[in-house]
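Engineer: Right, I'll just put the structure down here and ask away after.
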Amino acid sequence: MSLCKPRMLRTPCTKTKSSVSSSPNRTSSLTLGSVRTFAAAAKGVIPRFRVNEKRLWDAIHHTAQWGATPDGGIRRLALTDVDKAVRVWLVSSVKSLGCSVKVDEMGNIFATRPGTSLSLPAIGIGSHLDTQPAGGRYDGILGVLAGVEVLRVLEENGHKSNAPIAVIDWTNEEGARFNTGMVSSGVWSGRYTLDFAHALPATEDKTKGMTLKSELRRIGFLGTLPASYEANPLSAHFELHIEQGPVLEDEGKQVGVVTGVQSMGWLIVTVHGENQHSGTCPMARRACALTSAARMISRVEEIAVAADGLSTVGVINSWPQSPATVPHKVVFSVDLSHHSTEVREAMIAETTSDFARIAHANKCSVEIQDIWNSPAVQFHPDCISCVREAAITVAGTDGVKEMVAGAGHDSVHTGDRVPTSMIFVPSKGGISHHPDEFTSSEQW
Ligand SMILES: [Zn+2]
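Quick note: the sequence shown uses full-length UniProt numbering, first residue 1, plus one each step.
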């Protein structure tokens, strides 16, 4: 996903993992049974089929024509003509497999293969087909097309699952064209309102009133089905995704069993000093905002390392941008993440207090805005167990690593409402959101 996050803060998750199991809504009582059916499959009670590696590889590179760039990557921003083209291909492909297709008010596509049960909601296999502006061929795409391959394998083997299986393309996961990542799974889960999402402007054209809703209508994917976990429930959600980091490759592992998603978010830090002449102002008199910011940046890295977390300062600007003037103002971003929401909050508290101390010691002042924060997510133990058992079957215990996702995914939002887990496969060199993104077909 994109880390180009909205200015709007996410509302805190109102429903925790444990409340999913105890929820009184209709989905919950059906949910665990479906997941256990999956678990039974993983244990060999139900016949196990193999995906056709070449067919999946061909599908990935066939669909890459829509948005292909000369450097081997894909530029397929949400709801553009190339996104429409791959959506039309998806709908046509799954209909040929006997699936019914539903499109909701956010343009999320649900391709459902019926099960023998007439009462169970579908088990979802979902991810996204949109990409970053200079994206690769695998991020999100692998998850959706692997779902289509699962449908093909079930169909050619004549297998009837108990619960229906739904392959899902979640709209605008990347948030690159409409600046809220994972927004459509977020509407489905109740994290965002439909009105908020529909009103998101297209980043390339804010003056003509081009919004997410108008673009959905333009490409013919503005459905009438409510984008809601209540109106359109799932029993569970599984997402195969490239790791987008170097850990699996570095450790020689084949599969990541994803147990949750780390807590993450952004601070915007503004340091105020004084404009002074670089040649005449003695060092002891200076209130240099940039020197002060440099010490803060160094300090936040120490805080992250000590807490076993991550910190990144990716943007910094200073004013007035003159070599002969001591800068009076600096603005920089701080991305902080940690597996534990509580530890991340402690990191923010220490950062805030130390930045104030550093500013004071440098005759400056500092303002800190907490513009986005996302709590840690713990996936469902039954879903994790399904993934673990299946992964060990194909890669052996030594080939499997349990891990926490470092980036956001649609599964963060589905996990608010239904049992969810993810499967990671290695990313060559840890590269993602780039045309060089690559995962070998032997690794899916
Ligand atoms: Zn993705």
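For glycine and all other residues, C-beta sits at the position ideal for the given N, C-alpha and C.
1) Please classify residue 467: is it buried, with 16 or more other beta-carbons within 10 angstroms of its beta-carbon, or exposed?
2) Would you call G33 buried or exposed, if buried means 16 or more other Cβ atoms sit within 10 Å of its Cβ?
3) Going by C-alpha distance, which of R218, G190, T193, R191 is nearest A202?
4) Following the continuous beta strand (DSSP E) through I384, name the residue where it begins and the one where it ends.
5) How do the region 420-437 and the region 62-78 stand: do at least 3 beta-carbon pairs fall below 8 Å, yes or no?
6) So if DSSP puts E367 in a beta bridge, which residue, or which two residues, is it bridged to?
7) Look at the alpha carbon of D139 and the alpha carbon of P327, and state the distance between them as a whole number of angstroms.
8) Enumerate in chain order the residues of its own chain whose CB-to-CB distance from I316 is below 6 Å, with the five nearest sequence positions on each side excluded.
9) Can we say the region 256-266 touches the region 366-377, given the rule of at least three CB pairs closer than 8 Å?
10) Whose C-alpha, out of I165, Q132, S127, G136, is nearest the C-alpha of L118?
11) Using only alpha-carbon positions, find the residue among R152, T351, E239, H360 that is nearest to G273.
12) Here's the rule I'm using: 16 or more other beta-carbon atoms within 10 Å means buried, otherwise exposed. How should H61 be labelled?
13) From the DSSP output, in three-state form, read off E442 for me.
14) Kindly indicate which three-state DSSP category K428 falls into: helix, strand or coil?
15) Compute every distance between the C-beta of D139 and the non-hydrogen atoms of ligand 1, then say whether any falls below 6 Å.
16) Could you check which residue in G124, P121, S161, L129 has the C-alpha nearest to that of G107?
17) Under 7 Å, do P133 and G430 count as touching if we go by C-beta distance?
18) Taking the alpha-carbon positions, what's the G190 to S127 distance?
19) What does G279 pair with, by DSSP beta-bridge criteria?
20) Pair every Cβ in the region 384-398 with every Cβ in the region 221-230, then say whether three or more of these pairs are closer than 8 Å.
21) Just the C-alpha distance for H198 and A346, rounded to the nearest angstrom, thanks.
22) Might you give, ordered along the chain, the residues of its own chain that have their beta carbon closer than 7 Å to the beta carbon of E251, omitting 5 neighbours on each side?
23) Can you tell me where the alpha helix (DSSP H) with H241 in it begins and where it stops?
24) Just grab the DSSP bridge partners of A122 for me.
25) In its own chain, which residues sit with a C-beta less than 8 Å from the C-beta of T352, not counting the 5 before and 5 after it?
26) Count the other C-beta atoms from every protein chain shown that fall within 10 angstroms of the C-beta of P375, then say buried if there are 16 or more, exposed otherwise.
27) Should M283 go down as buried or exposed, given a rule of 16 or more other Cβ atoms within 10 Å for buried?
28) Going by the DSSP bridge assignment, what does R113 pair with across the sheet?
29) What is the DSSP secondary structure of F332, counted as helix, strand or coil?
30) Let me know the secondary structure DSSP gives D205 once reduced to three states.
31) Quick check on A68: does DSSP put it in helix, strand or coil?
32) Output the distance between the C-alpha atoms of D83 and W89, rounded to the nearest integer angstrom.
33) Give the range of the alpha helix (DSSP H) segment to which W319 is assigned.
34) Please determine, among R357, T193, V269, the residue with the shortest C-alpha to C-alpha distance to G314.
Structural biologist: Taking the structure as given:
1) Only positions 1 to 444 of the chain appear in the structure, and residue 467 is not among them; the question remains open.
2) Residue placement at G33 is flagged as unreliable, the pLDDT there being 45, under the threshold of 50; the coordinate-derived value follows with that caveat. If you draw a 10 Å sphere on the C-beta of G33, you find fewer than 16 other C-beta atoms in it, and that means exposed.
3) Closest by alpha carbon: R218.
4) Taken as a continuous stretch (DSSP letters only), I384 belongs to no beta strand (DSSP E), being part of the alpha helix (DSSP H) at 381-395.
5) Three or more beta-carbon pairs separated by less than 8 Å link the region 420-437 to the region 62-78, which places the two stretches in contact.
6) Under the DSSP definition of a beta bridge, E367 partners with T270.
7) Rounded to the nearest angstrom, the two C-alpha atoms are 41 Å apart.
8) For I316, the CB contacts under 6 Å within the same chain, skipping 5 residues up- and downstream, are F332 in chain order.
9) With contact defined as three or more Cβ pairs closer than 8 Å, the region 256-266 and the region 366-377 are in contact.
10) Restricting attention to I165, Q132, S127, G136, the CA atom closest to the CA of L118 is found in I165.
11) Closest option to G273, judged by alpha-carbon separation, among R152, T351, E239, H360: H360.
12) Per the 10 Å Cβ criterion, exposed.
13) In the three-state reduction of the DSSP assignment, E442 falls in the helix class.
14) In the structure shown, K428 adopts helical secondary structure according to DSSP, grouped into three states.
15) Checking the Cβ of D139 against ligand 1 gives yes.
16) The residue with the shortest Cα to Cα distance from G107 is L129.
17) When the beta-carbon positions are compared, P133 and G430 stay at least 7 Å from each other.
18) Answer to the nearest angstrom: the Cα atoms are 18 Å apart.
19) G279 pairs with nothing; no bridge assigned.
20) No, the region 384-398 is not in contact with the region 221-230.
21) For H198 and A346, the distance between alpha carbons rounds to 35 Å.
22) Excluding sequence neighbours, E251 sits near K401.
23) Taken as a continuous stretch (DSSP letters only), H241 belongs to no alpha helix (DSSP H), being part of the beta strand (DSSP E) at 234-242.
24) A122 is bridged to L234.
25) Apart from sequence neighbours up to five positions away, the residues of its chain that approach T352 with a beta-carbon distance below 8 Å are I368, ordered along the chain.
26) Burial call: buried.
27) Label assigned to M283: exposed.
28) Beta-bridge pairing links R113 to I165.
29) It is a strand residue.
30) The three-state secondary structure of D205, taken from DSSP, is coil.
31) A68 falls in the strand class under three-state DSSP.
32) If I take the Cα positions, the gap works out to 10 Å.
33) Careful: W319 lies outside any alpha helix (DSSP H), inside the beta strand (DSSP E) at 316-319.
34) The residue with the shortest Cα to Cα distance from G314 is V269.
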